[in-house]
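Quick note: to get this note's numbering, add 4 to the position in the sequence shown (first position is 1).
Beta carbons: idealized from backbone N, C-alpha and C, even for Gly.
Predicted model, so just to flag it, every value in this text is computed and none were measured.
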Amino acid sequence: RGIPGVPDELPSWVRVEGVITPPEALLFERAADILIGEGTSTMHEGAALRTPLVLVPGPIQETHLLARKLGERRAADVLSIETATPDTFAGAFRSILAGGEERAAMLDRAHSLVTGGGGAIAAARLVLDIAARRTTASPTREHR
Numbered sequence: 005r006g007i008p009g010v011p012d013e014l015p016s017w018v019r020v021e022g023v024i025t026p027p028e029a030l031l032f033e034r035a036a037d038i039l040i041g042e043g044t045s046t047m048h049e050g051a052a053l054r055t056p057l058v059l060v061p062g063p064i065q066e067t068h069l070l071a072r073k074l075g076e077r078r079a080a081d082v083l084s085i086e087t088a089t090p091d092t093f094a095g096a097f098r099s100i101l102a103g104g105e106e107r108a109a110m111l112d113r114a115h116s117l118v119t120g121g122g123g124a125i126a127a128a129r130l131v132l133d134i135a136a137r138r139t140t141a142s143p144t145r146e147h148r
C-alpha cells in the first residue's frame with residue numbers, strides 16, 4: 005500500500021493476512037513463488053527455505069545491511085523504498101519467474117549465505133567443542 009501506481013483495492017487473488025504465528029509464516033514463506041521481505045527475519049527465513057527474495061528493507065539499519073549484502077552477492081533482488089514501483093517489482097518478478105539456472109544459482113547463494121557454516125551452525129559447533137573439552141578435562145580440574 006502507498007506505492008505510486010498500485011491501487012488501494014487489490015486484485016481478488018491477493019490475500020492480505022493480519023498477524024500470523026511463526027509456524028504459519030514459515031509455511032507461507034516456503035509456499036510462496038516470491039517472498040517480498042522488509043525485515044531481517046523474513047530475509048533469513050526466505051533464504052534458508054530457498055524461496056526467491058525481493059527485498060525492500062525497512063527503516064532499521066540491520067535490514068539495510070543484510071539486504072545490501074544479499075544484493076551484492078546476487079542472492080536477492082533489492083529495491084529501496086524510493087525505487088519500489090510497479091515496474092521495478094515487475095522486472096524483479098519477471099526474472100525470478102523465468103526460472104532457469106540463474107534463479108537456481110540465486111537461491112543457492114542466498115541459502116549458502118544464511119546456512120553455510122555461520123550463524124546457528126557455528127554456534128552449535130562451538131557448544132559441542134566446549135562440551136568435548138570439558139569432557140576430556142581432568143576430573144580434578146575446576147570448571148569455570
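Buried versus exposed call for residue i [16 or more other C-beta atoms within 10 Å across all chains shown]
i: Pro15; result: exposed
i: Gly103; result: exposed
i: Asp81; result: buried
i: Leu111; result: buried
i: Val10; result: exposed
i: Leu132; result: exposed
i: Val18; result: exposed
i: Val20; result: exposed
i: Leu83; result: buried
i: Leu69; result: exposed
i: Thr140; result: exposed
i: Thr67; result: buried
Inter-residue CB distance, residue i and residue j (contact presumed, cutoff 8 Å)
i: Leu30; j: Met47; result: Between Met47 and Leu30 the Cβ distance is about 14 Å, and since that is not below 8 Å, they are no contact.
i: Gly43; j: Gly62; result: 6 Å
i: Arg72; j: Arg113; result: That pair is no contact at about 14 Å.
i: Leu117; j: Ala79; result: 6 Å
Close-in-space but distant-in-sequence residues of the same chain around residue i (CB under 7 Å, 5 per side omitted)
i: Gly50; result: Glu33, Leu39, Gly41 and Leu57
Own chain partners of residue i with C-beta closer than 8 Å, once the 5 adjacent residues on each side are dropped
i: Leu101; result: Asp37 and Ile38
i: Phe97; result: Ile38 and Val58
N-terminal and C-terminal residue of the beta strand (DSSP E) that residue i is part of
i: Gly41; result: Leu39 to Gly41
i: Val58; result: Leu57 to Leu59
Sequence-distant residues of its chain with Cβ nearer than 6 Å to residue i (five each side left out)
i: Thr119; result: Ala52
Range covered by the alpha helix (DSSP H) that runs through residue i
i: Leu53; result: Taken as a continuous stretch (DSSP letters only), Leu53 belongs to no alpha helix (DSSP H), as it is neither H nor E.
i: Val10; result: Val10 -> no alpha helix (DSSP H), and no H or E assigned at all.
i: Val118; result: Gly104 to Thr119
i: Ser99; result: Pro90 to Leu101
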